[in-house]
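Using the numbering used here, the letters of the sequence shown correspond one by one to residues 934 to 992. Built from N, CA and C at the ideal position, the CB exists for glycine as well. First up is the structure itself, then whatever we jot down about it.
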Amino acid sequence: MALLRCPTCGRRFDTDDAAAMPFCSERCRLLDLGRWLNEDQGLPVYPDPEDEEEGFEAY
934 MALLRCPTCG
944 RRFDTDDAAA
954 MPFCSERCRL
964 LDLGRWLNED
974 QGLPVYPDPE
984 DEEEGFEAY
């Protein structure tokens, strides 16, 4: 029996009972998906210095 913490709500749950891994429930899985789709969550994007030097002339 392994216990994990749900990344959405923080609740601890047994991995054997979870159908929506790594979330504790389908509700938490859908809440997380909604955050990504609304762009409330995302991966950081760092500008490439080479792109800035070229400017918009390349496009």
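Completely contained beta strand (DSSP E) runs for the stretch 949-980, where each covers 3 or more residues: none
Sheet register partners of Arg944 (DSSP bridge): Within the sequence shown, numbered from 1, the residue matching residue 944 stands at position 11. DSSP links Arg944 through a beta bridge to no other residue.
Burial state of Arg945, where buried means 16 or more other Cβ atoms lie within 10 Å: Start at 1 with the first residue of the sequence shown, and residue 945 comes out as number 12. Answer is exposed; the Cβ neighbour count stays below 16.
With 16 other Cβ atoms within 10 Å as the buried cut-off, status of Arg960: In the sequence shown, the residue the question calls residue 960 occupies position 27. Under this definition Arg960 is an exposed residue.
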